[in-house]
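Trainee: Numbering (my numbering), first residue to last: 153 to 484.
Quick reminder that beta carbons are idealized off the backbone N, C-alpha and C, glycines included.
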Amino acid sequence: MVDVFVDRRDSDKSTYIALGAVVLFLLFQFAFQSVVFTFERRPDEVKAVARFIEILLPGQHGSSPVPAAEIWMRLVLFAFNILVTLTLVYTGLVNRKTAVLAAIWPLSIFLFSKIYWEFFYFPFCLIRPDLSARKEGIVMGLLAVLLYTTGEANLGVLLTFRAALFLQRSGFEKSVPLGIVGLAVFLDAAMKTGAAYAFPWIGGLIQRFDWTRSVANPDYTPFESLSVFFASFHFFSLHTGAYWIDALFSVIVVIYLYCSAEFRTNLRQHLWLVLCFFSVYFFYTHVTYAFQNARYFFFFIPVLATLIPTKLFPGLAMLGFFHVLCRSMEFL
Numbered sequence: 153m154v155d156v157f158v159d160r161r162d163s164d165k166s167t168y169i170a171l172g173a174v175v176l177f178l179l180f181q182f183a184f185q186s187v188v189f190t191f192e193r194r195p196d197e198v199k200a201v202a203r204f205i206e207i208l209l210p211g212q213h214g215s216s217p218v219p220a221a222e223i224w225m226r227l228v229l230f231a232f233n234i235l236v237t238l239t240l241v242y243t244g245l246v247n248r249k250t251a252v253l254a255a256i257w258p259l260s261i262f263l264f265s266k267i268y269w270e271f272f273y274f275p276f277c278l279i280r281p282d283l284s285a286r287k288e289g290i291v292m293g294l295l296a297v298l299l300y301t302t303g304e305a306n307l308g309v310l311l312t313f314r315a316a317l318f319l320q321r322s323g324f325e326k327s328v329p330l331g332i333v334g335l336a337v338f339l340d341a342a343m344k345t346g347a348a349y350a351f352p353w354i355g356g357l358i359q360r361f362d363w364t365r366s367v368a369n370p371d372y373t374p375f376e377s378l379s380v381f382f383a384s385f386h387f388f389s390l391h392t393g394a395y396w397i398d399a400l401f402s403v404i405v406v407i408y409l410y411c412s413a414e415f416r417t418n419l420r421q422h423l424w425l426v427l428c429f430f431s432v433y434f435f436y437t438h439v440t441y442a443f444q445n446a447r448y449f450f451f452f453i454p455v456l457a458t459l460i461p462t463k464l465f466p467g468l469a470m471l472g473f474f475h476v477l478c479r480s481m482e483f484l
């Protein structure tokens, strides 16, 4: 996994040092986030923490979780997701570069230890975007089965992205993102008139988002949506007054990446892959006027791994550390 940091011709000692540095950084981030960012400071977790305690810690009262119980739950979920990720790496569905990027990206640790029903979803977001047609079919089949058996809606979003990638590699590289954006604009217009609710199969499904469009976020704009995504794609906690810290560090990360000539070259070479991702993001946010946070679209990590030169990883690790440290000062 660490050969993205070091040349294969380097000594074994250098390899083990790099591996140890990644593991120690990962464990430190987990420990720090688990102690400082408790369930009361994480979106959604307050609704699920009691039930998870009752399931994973028999005999504990979920109505009043203690810090030790919460940390233990996070450790179990974190270890589970790490095991799933390593299995996906072993099968070749997740490349090693993506795994290392996830290990130093603070949002990954935050989500891998999330005490919520979607906890198992995030490792599957790391699956590489360049699978063969056969492997892509297997992945989509697996995601479809998981979606059917668990009802986790995020899997539907991921499945949409995988299907879009499959179509892109089938000869529709440019038309797929354009088609998805066009469909989103069409559905948005149809929902405004109410005509969309009469559509067969999907009418009842999209009608459920009438509340998010008319009550939760009636002032939605695509610019606002992109702002929320970039402000939350590196790390985030509750949307409190210190949310500007997340936005600031996200801007610093983007500038740091864009200053690399190799990153800019990779961006030009994989532009339609990036546009495919953002077309899926635009589709779901434009139709619902909600779900703009980057955590719903965590499959941006393997897209980023395609673009980022490995020589930038140490700098990204340090930016991740300082981002989490600065965000934690809000709670002192």
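Grouping DSSP H, G and I as helix and E and B as strand, with all else coil, what is Tyr372?
Mentor: If DSSP states are grouped into helix, strand and coil, Tyr372 belongs with coil.
Trainee: Could you tell me if Pro210 is buried or exposed, where buried requires 16 or more neighbouring beta carbons within 10 angstroms of its beta carbon?
Mentor: It counts as exposed.
Trainee: Which residue from Val405, Pro352, Gln444, Tyr372 puts its Cα closest to that of Ile256?
Mentor: Among Val405, Pro352, Gln444, Tyr372, the Cα nearest to that of Ile256 belongs to Val405.
Trainee: In terms of residues, what are the limits of the alpha helix (DSSP H) holding Trp424?
Mentor: Start and end: 423–440.
Trainee: Give me, in chain order, the residues of the same chain whose beta-carbon lies closer than 6 Å to that of Leu317; leave out the 5 immediate sequence neighbours on both sides.
Mentor: Closer than 6 Å at Cβ, skipping near neighbours: Pro281.
Trainee: Report buried or exposed for Met343, applying the criterion of at least 16 other Cβ atoms within 10 angstroms of its Cβ.
Mentor: Classification for Met343: buried.
Trainee: Report all residues from its chain with a CB closer than 8 Å to the CB of Leu335; omit the five preceding and five following residues, and keep chain order.
Mentor: Phe435.
Trainee: Using the beta-carbon count (16 or more within 10 Å), is Glu288 buried or exposed?
Mentor: Per the 10 Å Cβ criterion, buried.
Trainee: In this structure, does DSSP put Lys266 in helix, strand or coil?
Mentor: Lys266: coil per DSSP, three-state reduction.
Trainee: Is it buried or exposed for Val476, if we count other Cβ within 10 angstroms and need 16 for buried?
Mentor: Per the 10 Å Cβ criterion, buried.
Trainee: Can you tell me where the alpha helix (DSSP H) with Ile478 in it begins and where it stops?
Mentor: Sequence check: residue 478 is Cys here, not Ile. Counting along the chain, the alpha helix (DSSP H) containing Cys478 begins and ends at 465–480.
Trainee: Using 10 angstroms around the beta-carbon of Ile332, count the other beta-carbons present and answer buried if the total reaches 16, otherwise exposed.
Mentor: Buried, by the Cβ-count rule.
Trainee: According to DSSP, simplified to helix, strand and coil, what is Asp282?
Mentor: Correct three-state label for Asp282: coil.
Trainee: Tell me whether Cys411 sits in a helix, a strand or coil according to DSSP, three-state version.
Mentor: Three-state result, Cys411: coil.
Trainee: My guess is that Ser260 and Phe230 are in contact by the Cβ rule of under 8 Å, so how many angstroms apart are they, rounded?
Mentor: Rounded, the Cβ-Cβ distance is 10 Å, inconsistent with contact.
Trainee: Using the three-state DSSP reduction, which class does Ile460 fall into: helix, strand or coil?
Mentor: Coil.
Trainee: Touching or not, the segment 348–363 and the segment 415–428, by the rule of three or more beta carbon pairs under 8 Å?
Mentor: Because the criterion of three Cβ pairs below 8 Å is not met, the segment 348–363 and the segment 415–428 do not touch.
Trainee: Would you call Gly323 buried or exposed, if buried means 16 or more other Cβ atoms sit within 10 Å of its Cβ?
Mentor: Gly323 should be labelled exposed.
Trainee: Answer with buried or exposed for Met481, where buried requires no fewer than 16 other C-beta atoms within 10 angstroms of its C-beta.
Mentor: Exposed is the call here.
Trainee: So within the segment 331–379, which uninterrupted alpha helix (DSSP H) runs reach at least 4 residues, ignoring any that extend past its ends?
Mentor: List check, alpha helix (DSSP H) in window: 355–359.
Trainee: Taking 8 Å as the threshold, find out whether the segment 406–414 comes into contact with the segment 297–316 through three or more Cβ pairs.
Mentor: As far as the Cβ criterion goes, the segment 406–414 does not touch the segment 297–316, which means the pair count is below three.
Trainee: Using C-beta distances below 7 Å, list every residue in its chain close to Leu176, excluding the 5 sequence neighbours before and after it, in chain order.
Mentor: So the list is empty, once near-sequence residues are dropped.
Trainee: Looking at the unbroken alpha helix (DSSP H) that takes in Gly308, where does it start and where does it end?
Mentor: Its alpha helix (DSSP H) spans residues 305–320.
Trainee: What is the C-beta distance between Leu295 and Leu307, in whole angstroms, given that I count them as a contact (C-beta under 8 Å)?
Mentor: Indeed they touch by this definition, with Cβ atoms about 5 Å apart.
Trainee: I need the straight-line Cα distance from Val439 to Leu171, nearest angstrom please.
Mentor: Rounded to the nearest angstrom, the two C-alpha atoms are 43 Å apart.
Trainee: I need the straight-line Cα distance from Ala442 to Thr373, nearest angstrom please.
Mentor: Whole-angstrom Cα-Cα distance: 10 Å.
Trainee: Give, in chain order, every unbroken run of the beta strand (DSSP E) that is at least 3 residues long and sits entirely within the segment 230–268.
Mentor: DSSP runs (the beta strand (DSSP E)) wholly in the segment 230–268: none.
Trainee: Quick check on the DSSP output: the alpha helix (DSSP H) that includes Phe204 runs from which residue to which?
Mentor: Note, Phe204: alpha helix (DSSP H), 201–208.
Trainee: Given Leu240, which residues of its chain have a CB within under 8 Å of its CB, disregarding the five upstream and five downstream residues?
Mentor: Counting only Cβ-Cβ distances below 8 Å, and skipping sequence neighbours, we find Val246, Pro275, Phe276, Leu278, Ile279.
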